[in-house]
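I have placed the structure first, in the form of structure tokens, so that the comments after it can refer back to it.
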RNA sequence: GUGGGUGUAGCUCAGCUGGUAGAGCACCGGGUUGUGAUCCCGGUUGUCGCGGGUUCGAGCCCCGUCACUCACCCCA
């Protein structure tokens, strides 16, 4: 027997998957973010240059392959690079700004699976491209916050900081590197300090955090523009009523982030506690060969959101099932039932019928499990009298209704 | 890539110092020749993850292997 490949899973009937995927984007839809869908695979270089060759995501987690034309392609490890590519390719940035888009779909990273971490995982995301207006940062962050709230989550925390920009980050980075060089670090940590010193700051180990208490922080070294932007975003969030915590050691694993950076955490998930994250990526367009084009966005993890809902005991309605279930008795009734269900569905009434010629008792059980409000029981003796038995499954009351009036009763 | 844990029915699990595999739920049928959700009765489902070894005999002990899982790392 085959089983789903390592790190993948199947969405099965009864899952809240669709409701969560679309629910996470509902506030964005209401805010004018149009739907986009980019390919699941792209030119490998797009991710190498966009996400950053030194990141873990690119250097050891990409699913890359060569196609029959000799091109190097990669299953997308994240959504932003592809969306920015699509915006540039179709010149959307030459129209009115900002370009506001939303998307959802599978991402791929070759990591060791664990709770809330898959090799094929799903994200819902938004991007607002073309402006550096801090009010836009606040809107984007608030859209994610609202999405979690409207799904019923109450224990999501928002962490925010600023990563500076090319005017102030290089000097800070040097300062931090010099600071870290003065510490007694193990080999693996030294290597990380060399590749991306900022990442050492959010190491989970308490003994390392103890060493870092006096480390210099980016938020204390922001240039005037970055500082003004950062405070304007904070003011915007306060105005929108979105609570956040300042997290000066927050770091993201994708190179393109700068200035506003944020993460949504949930404590009920185990070690993978981030349910979403994002930030500003003003340099991304240029690094993939486009014009200067600022942008900000986020991606929320659908699987982790499902875990968070479970942890909080919140049930999100899955498929609603059918409203009417028809139970035919006998050959003539079966033929009538097939036609009648067709009429119901044509009117937009979700309906099903008992297949498989089971006994009446079994068919009624099927009706019960379909969660239908109404059962329509029809046998040859009913057809002879041109009636059907209409049963309200919520209270068990049953009445004979003329066939000609049946659609009326169920509409 | 590095550690730890676990693999028995569709699901959740029990199975004693080694002696021919169980429960609950689910599913199917009957009690009601045309009525579900409750109740009662009956029934189906297993290469005990896989391969080897020890033994008269292995679900149980040993070795290997695969899968799943949790954590590090990283991130959604």
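Numbering (the working numbering), first residue to last: 1 to 411.
We put the CB at the ideal spot given by N, CA and C, even for glycine.
With fewer than 16 other Cβ atoms from the protein chains shown falling within 10 Å of its own Cβ, residue 2 counts as exposed. In the structure shown, residue 6 adopts coil according to DSSP, grouped into three states. Relative to the Cα of residue 287, the nearest Cα in the group 52, 161 and 408 belongs to 52.
CA-to-CA, the gap between residue 372 and residue 149 works out to about 30 Å. With a beta-carbon spacing of about 27 Å, residue 300 and residue 95 fall beyond the 8 Å limit used to define contacts. Spanning the alpha carbons of residue 205 and residue 211 requires a straight line of approximately 10 Å. As DSSP reads the structure, residue 266 sits in a beta bridge with 156.
For residue 400, no alpha helix (DSSP H) encloses it; the enclosing beta strand (DSSP E) starts and ends at 398-402. Under the 8 Å Cβ criterion, the region 221-237 does not count as touching the region 59-71, having fewer than three qualifying pairs.
Take the alpha-carbon of residue 133 and the one of residue 225: they are about 12 Å apart. In this structure, DSSP gives residue 55 a state outside helix and strand, which the three-state scheme calls coil.
Taking 8 Å as the upper bound for CB-CB distance, residue 260 and residue 137 are in contact here, some 5 Å apart.
Its chain contains 195, 196 and 255 as the residues whose beta carbon lies nearer than 8 Å to that of residue 54, once the 5 sequence neighbours on both sides are disregarded; these appear in chain order. Under DSSP, residue 390 forms a beta bridge with 376 and 399. If you ignore the 5 residues before and after residue 131, its C-beta comes within less than 6 Å of the C-beta of 97 and 98, all in its own chain and listed in chain order.
Between the alpha carbons of residue 310 and residue 279 lies a distance of about 27 Å. With contacts defined as CB atoms closer than 7 Å, residue 157 and residue 265 qualify as a contacting pair. Excluding its 5 nearest sequence neighbours in each direction, residue 323 has C-beta neighbours in its own chain below 8 Å: 349, 350, 351, 372, 373, 374 and 410, listed in chain order. Three or more beta-carbon pairs separated by less than 8 Å link the region 238-255 to the region 140-149, which places the two stretches in contact. In this chain, the beta strand (DSSP E) harbouring residue 43 covers 41-43.
DSSP assignment within the region 147-217 yields the following whole alpha helix (DSSP H) runs of 4 residues or more, N-terminal first: 169-181, 187-195, 197-200 and 206-211. Excluding five sequence positions before and after residue 245, the CB atoms of its chain that fall closer than 6 Å to its own CB belong to 159, given in chain order.
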